[in-house]
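For the record, the sequence lines run as chains A and B.
In terms of this note's numbering, the first sequence is residues 1 to 271.
In terms of this note's numbering, the second sequence is residues 272 to 542.
Let me begin by presenting the structure, written as structure tokens, before commenting on it.
There are 2 protein chains.
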Amino acid sequence: MNTLINGAPCDTISVNDRGLLYGDGVFRTLLLRKGKVLQWHRHYACLFKDCNAIYLQCPPESLLYGELERLVQDAQDGVIKIIVTRGSAQRGYAPAPHPVATRILNLSPLPAYSEAFSTSGIRLHLCQLRLGQQPRLAGVKHLNRLENVLAAAEWDDPDIAEGLLLDESGYVIEAVRSNIFMVKNGDLITPDLSRCGVSGVQRERLIEWAAQQGVKCKIMDVPLDDLLAADEIFLVNSVIGLWPVRELPGYHCEHHPVAQVIQDWLAHDSN
Amino acid sequence: MNTLINGAPCDTISVNDRGLLYGDGVFRTLLLRKGKVLQWHRHYACLFKDCNAIYLQCPPESLLYGELERLVQDAQDGVIKIIVTRGSAQRGYAPAPHPVATRILNLSPLPAYSEAFSTSGIRLHLCQLRLGQQPRLAGVKHLNRLENVLAAAEWDDPDIAEGLLLDESGYVIEAVRSNIFMVKNGDLITPDLSRCGVSGVQRERLIEWAAQQGVKCKIMDVPLDDLLAADEIFLVNSVIGLWPVRELPGYHCEHHPVAQVIQDWLAHDSN
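Structure, rendered in structure tokens:
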């Protein structure tokens, strides 16, 4: 069983589901490792917050977690995707007053990324697509992801592991499926996501970790030139963990001492 | 039979369809009247252009039209929705090199709008949500419609028939599910949609009609104050036809002579 819809094994949804019609829903991507769902409480908190942002009632944590346990009961490792949509309802954009959300839980095998991406670092493509600004949806991991699709279509060189996204003003925001950090003079810097971008759980963990360690972590507008002058650049998300950036047009870096420390911490402190 | 998926009667799609996962697809809404699909060639041309905009190969016109004929064979009147998605494929945002599109054709009953909306005009809500700007997707009727959903959630007064959308710079763009025109000193004016908004078939028809009639129709940036100073305002789309605007905060207009002429023409020249 690798998909549960509203608790039942099933791999299709209604063509009237608003997730399909309008991208009217949110999602999370989680890691299953050695039979354990990593960072569940954080992911649920983000799902809850994201549902609120689009006025959708989030399914209760106990319900979702119970279904998750059934989904992964015979599995050890994999990628879990949780989608919550506003379900099927009346015609038209306006949400029904009390919609019944659709819950989709899916388990798939771990992707086969090159080990070198984690150890030696990756090549990063600079995307031509610029992210539009929409403060009402900024930070939210919603199902309107055409910008990411168009950005990911910009390269097909398997040696390039990710794409860097700027906003329409030219500020660095994120990578296509991960958040970005830079190291400068011992400080961490990560882009402000109040106008666009997706705020991931690993980004959140890292910001908290920095505060606990007494490492300064600035959340701010980052012009591309500042990124290219960084001592280190790295990407984080729940599936990849941390990838140092070795190459980006105008940037080259072989050594990532700070990124390595954080990579180890992200991998070992997995609660 | 009210839904065909890839030509077969069916009302569910795979949870792996990219239309659900990313809103990775486009759609059209057409009218069936007296057994006839109105403006088919125009709608297909828009579908084709919109598919191109997201690098998706549009299904051939003959294939879609053959399926449309089967969908509507026993029906007289209704609303047809055509959705084309990038189908189910590999994990991740990057499109497969040669994806097989999913074709969804759905027929539903005509909505029961008040006759007064067409004759006396409507009340228009001024939405707080401002549209983000994304030139790469502007004009395209794609499945990323969360902005429309959030905007439509702003009012629940059944007396208000539509919502007016401005962009982040404060320019008038469109209404939640229709295009907008204003009349000023005998000229038509409709907003430029090169940064955001959806370009509908009725807007296109009207711009062409104006050129044929020697009526000046300007496509330009429209500040809200200019709209409020209009002699007439009206909305168009394929389902509603034309609705004059009677009320909008800061605007009131009981007589819509130009809108009436255009309304009659839109309704009668239906090829």
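For glycine and all other residues, C-beta sits at the position ideal for the given N, C-alpha and C.
Review point. Is A/Gln128 helix, strand or coil when you go by DSSP?
Key: strand
Check your understanding: Quick one: is A/Asn185 buried, meaning 16 or more other Cβ sit within 10 Å of its Cβ, or exposed?
Key -> exposed
Check your understanding: I think A/Asp50 touches A/Val140, with their Cβ atoms under 8 Å apart; what is that distance to the nearest whole Å?
Key -> 5 Å
Exercise for review: For A/Thr85, count neighbouring Cβ atoms within 10 angstroms of its own Cβ and tell me buried if that reaches 16, exposed if not.
Suggested key: buried
Review point. Below 8 Å between beta carbons: does that hold for B/Ala372 and B/Gly349?
Key: no
Practice item. Spell out the partners DSSP gives B/Ala515 in its beta bridges. Key: First, the amino acid is wrong: residue 515 of chain B is Pro here, not Ala. B/Phe505, per the DSSP bridge assignment.
Practice item. Excluding the 5 residues preceding and the 5 following B/Thr274 in the sequence, name in chain order all residues of the same chain whose CB lies nearer than 6 Å to its CB. Key: Asp282 and Asn377
Review point. Would you say B/Tyr384 faces chain A, with C-beta separation under 8 Å as the test?
Key: no
Review point. Excluding the five sequence neighbours on either side, which residues of its own chain have a C-beta within less than 8 Å of the C-beta of A/Asn52, listed in chain order?
Key: Cys58
Review point. Around the C-beta of A/Thr119, are 16 or more other C-beta atoms found within 10 angstroms, so that it is buried, or is it exposed?
Key: exposed
Check your understanding: Hey, A/Leu235 and A/Glu162: beta-carbon distance below 8 Å or not?
Key -> The answer is yes: Cβ separation under 8 Å.
Point to revise | Range covered by the alpha helix (DSSP H) that runs through B/Lys320 | key: Trp311 to Ala324
**Study point:** Identity of the residue in A/Cys253, A/Arg205 and A/Cys217 nearest A/Ala45 by Cα
**Key:** Out of A/Cys253, A/Arg205 and A/Cys217, A/Arg205 has the C-alpha closest to the C-alpha of A/Ala45.
Review point. Across which residues does DSSP place A/Ile104 in a beta bridge pair?
Key: BP columns for A/Ile104 point to A/Ile5 and A/Ile83.
Exercise for review: Return the CA-CA distance between B/Val447 and B/Leu459, expressed in angstroms with no decimal places.
Suggested key: 20 Å
**Study point:** Coil, strand or helix - B/Pro368 by DSSP
**Key:** coil
Point to revise | Three-state secondary structure assigned by DSSP to A/Asn179 | key: Residue state for A/Asn179 is assigned as strand, using DSSP reduced to three classes.
Practice item. Compute the Euclidean distance between the alpha carbons of B/Asp425 and A/Gln134, then round it to the nearest angstrom. Key: Residue 425 of chain B is actually Glu in this sequence, not Asp. Those two C-alpha atoms are separated by around 17 Å.
Point to revise | Cutoff 8 Å: B/His413 Cβ touching any chain A Cβ | key: yes
Exercise for review: Using a cut-off of 8 Å between C-beta atoms, extract the partners of B/Ile276 located in chain A.
Suggested key: Val15
Check your understanding: Under the rule that 16 or more other beta-carbon atoms within 10 Å means buried, what is A/Gln90, buried or exposed?
Key -> exposed
Practice item. Kindly list, in the order they appear in chain A, the residues whose Cβ is closer than 8 Å to that of B/Ser379. Key: Arg91
Practice item. Could you list which residues in chain A have their beta carbon closer than 8 Å to that of B/Gln404, in chain order? Key: Gly132, Gln133 and Glu168
Review point. Thinking C-alpha only, which one of A/Asn16, A/Gln39 and A/Asp221 is nearest A/His268?
Key: For A/His268, the closest alpha carbon among the candidates A/Asn16, A/Gln39 and A/Asp221 is that of A/Gln39.
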